[in-house]
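Numbering (my numbering), first residue to last: 4 to 223.
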């Protein structure tokens, strides 16, 4: 399903989806209200694209509403603004992806495939993540900019845990996959957050994406 207030963007995104994925139908909505009505009437949706700039969104409140209705439905948040704080908050609040509207066709295709594969995807498109956080929002760590050297102190085990975090896995799931005690995983997660100078998992995932930490791991 595509929920976006711009008809031309919906059409372009619909064409991309049809060409890479075998869909019986793609629902469309131009407002949060319409999106909720369609979602409530169809429980077989496989992927949801949500425009943060739609009417009635109230920031990320619309994302919260959709997660309450369908908590297991993967949601990709889209925005014309490439804002690191908003992206991290969207991921922290359940979104599986954040895509800038300036993203290329190939970047959107890659994001869709990653999310459908159960991974979290962050795509800034042709833009650069803004460091601003908006009115009344709190800070992303002690500094807005991300220092590329921040991730160097991470141990190999912490890097592996960070990779599992980018898959959207909970501490319990990571513990099961890595055959570790959940308390051990929790300690690793805390260390990752501290060393990346971030406050939550969403911000850690954003940092990993900006610094290409996980992608570098997979090349080694």
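Think of the CB as a built atom: it goes at the ideal place given N, C-alpha and C, for glycine as much as any other residue.
Asked                                                                                                                            : Found
Straight-line Cα distance separating residue 210 from residue 237                                                                : For the chain, the structure presents residues 4 to 223; residue 237 sits outside this window and is missing.
Collapsed DSSP secondary structure at residue 59 in the structure displayed                                                      : coil
Rounded Cβ spacing between residue 164 and residue 177 (contact assumed at less than 8 Å)                                        : 6 Å
Inter-stretch contact (C-beta, 8 Å, three-pair minimum) for the region 72–81 and the region 100–108                              : yes
Continuous beta strand (DSSP E) stretch holding residue 113: start and end                                                       : Premise fails: residue 113 lies in the alpha helix (DSSP H), 108–119, not in any beta strand (DSSP E).
Minimum C-alpha distance to residue 7 - residue among 48, 19, 60 and 28                                                          : 60
heavy atom of the ligand GDP below 6 Å from residue 184 C-beta                                                                   : No copy of the ligand GDP appears in this structure; indeed no ligand is present at all.
Rounded separation between residue 114 and residue 208 - CA only                                                                 : 15 Å
Beta-carbon contacts of residue 37 that lie in its chain and below 8 Å, excluding the five residues immediately before and after : 6
CB of residue 110 within 7 Å of CB of residue 124, strictly                                                                      : no
Simplified DSSP assignment, three categories, for residue 67                                                                     : helix
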